[in-house]
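Reminder that position 140 of the sequence shown reads as 140 in full-length UniProt numbering, one-by-one numbering, no gaps.
Each residue gets a CB set at the ideal place from its N, CA and C atoms; glycine is no exception.
Quantities reported herein were computed from a predicted structural model and do not represent experimental measurements.
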Amino acid sequence: MTTYLTTPQGRHIAYHKTPGREPGVVFLGGFRSDMTGSKALHLQAWAEATGRAFLRFDYSGHGASRGAFVDGCVGDWREDAAAVIEVLTEGPQVLVGSSMGGWIALLLARYMPERVAGLIGIAAAPDFTERMWESEFSLADRTTLLEEGVVLRPSDYSDEPYPITRRLIDDGRRNLVLDQPLPVPMPVRLLQGTADTDVPPSVAFGLFDHIESPDLRLTLVKGADHRFSTPACLELITNSVDDVLHNCDAVVSDDTGLLQKSNIG
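Below, the structure is given as structure tokens:
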């Protein structure tokens, strides 16, 4: 049976909560993904085995949550995430954001830092709507978007194209995190596959340089793609969560960060 939370904005969000000790862990999924993916379920199994509180959910218009995907935007999905954290968790949480979920995690760290104990970004995709507009859209795409309000884009994960709306692009510009200083005053771990063609390593390097954090590390996994869901990658995710949980209360004076490389893909 699916459990729903009604947000202050009136959206109905499906979620699954695993009870356990705090700080808890919250999984933030990617664009057009849902809470039944391998990373979310792996984290739930880890939480159940370790007695850690864990929360996974679907943004509005995603998975089991209500609403139409085409009506949503990053700002809406940030509000959804904020609502489930405020209502369904206690105290600071470790956020695990996959792809777009990494962008949303960074927004939450900006707007509600008191509820964020640490952050793990898996192929984090901050400001992806702006990169899409500037680097991926053809002139025909831009014209269609401006005139019709929506353009259909092919997907590597589905036979059906997915809609990109003008609202999504416009709202994305109101939620950029790379156009201004980005202080994240808690432990941050960025995980990135070198074979990721959806969010290439250059995005991770740029984010690593841009984030201001007292405890920041970037781990590259050679050969891993955007799914980042091989057994070795899943183990790296839970190891990173363990690392952040062990260090979330530490204050590190050196803000230069660390860069690690891994060949476990």
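Check: Using only CA atoms, which one of A224, V244, T197 lies nearest to R217?; Outcome: V244
Check: So, does the stretch 54-64 touch the stretch 75-90, judging by three or more C-beta pairs under 8 Å?; Outcome: yes
Check: With three or more C-beta pairs closer than 8 Å as the rule, is the stretch 115-135 touching the stretch 182-199?; Outcome: yes
Check: First and last residue of the alpha helix (DSSP H) that includes L88?; Outcome: 74-88
Check: Is the stretch 36-45 touching the stretch 225-235 in the sense that three or more CB pairs, one from each, lie closer than 8 Å?; Outcome: yes
Check: Look at F27 and L43 and say whether their C-beta atoms are less than 8 Å apart.; Outcome: yes
Check: How big is the Cα-Cα spacing for D209 and M132?; Outcome: 21 Å
Check: What's the gap between the Cα of R153 and the Cα of V70?; Outcome: 13 Å
Check: Answer yes or no: do residue 269 and G72 have a C-beta to C-beta separation smaller than 8 Å?; Outcome: With the chain covering 1 to 265 only, the question about residue 269 has no answer from this structure.
Check: Classify Y15 as buried or exposed, calling it buried when 16 or more other Cβ atoms lie within 10 Å of its own Cβ.; Outcome: buried
Check: Excluding five sequence neighbours on each side, which residues of the same chain lie with their C-beta closer than 7 Å to the C-beta of T144?; Outcome: V151
Check: Can you tell me the Cα-Cα spacing of Y4 and A68, whole angstroms?; Outcome: 16 Å
Check: Enumerate in chain order the residues of its own chain whose CB-to-CB distance from D196 is below 6 Å, with the five nearest sequence positions on each side excluded.; Outcome: A123, D225, H226
Check: In chain order, what residues of the same chain have a beta carbon less than 8 Å from the beta carbon of L139, not counting five sequence neighbours either side?; Outcome: none
Check: Tell me which same chain residues have a C-beta within less than 7 Å of the C-beta of G101, skipping the five on either side of it?; Outcome: L28, G29, G30
Check: Does A117 come out as helix, strand or coil in the three-state DSSP assignment?; Outcome: strand
Check: Which residues does DSSP list as the beta-bridge partners of K39?; Outcome: Paired residue(s): none; K39 is not in a bridge.
Check: Give me the Cα-Cα distance between S213 and L207, rounded to the nearest whole angstrom.; Outcome: 11 Å
Check: Please classify Y157 as buried or exposed, where buried requires at least 16 neighbouring CB atoms within 10 angstroms.; Outcome: exposed
Check: By how many angstroms is the C-alpha of Q192 removed from the C-alpha of T238?; Outcome: 14 Å
Check: Mapping the DSSP letters down to three states, classify S98 as helix, strand or coil.; Outcome: strand
Check: Given this structure, state the Cα-to-Cα distance separating F228 from T6, to the nearest angstrom.; Outcome: 31 Å
Check: For L245, report the span of its beta strand (DSSP E) as first-last.; Outcome: From DSSP, L245 is part of no beta strand (DSSP E) but of the alpha helix (DSSP H) over 231-247.
Check: Determine which residues share a DSSP beta bridge with F57 and list them.; Outcome: Y15
Check: In the DSSP assignment, the alpha helix (DSSP H) including G206 goes from what residue to what residue?; Outcome: 201-210
Check: Relative to the C-alpha of residue 268, which candidate in R166, W103, S155 has its C-alpha closest?; Outcome: The chain is shown only over 1 to 265; residue 268 falls outside these bounds and no answer can be derived.
Check: By a C-beta neighbour count over all protein chains shown, 10 Å radius and 16 as the cutoff for buried, is A125 buried or exposed?; Outcome: buried
Check: Would you kindly work out how many angstroms separate the C-alpha atoms of W46 and V74, rounded to a whole number?; Outcome: 28 Å
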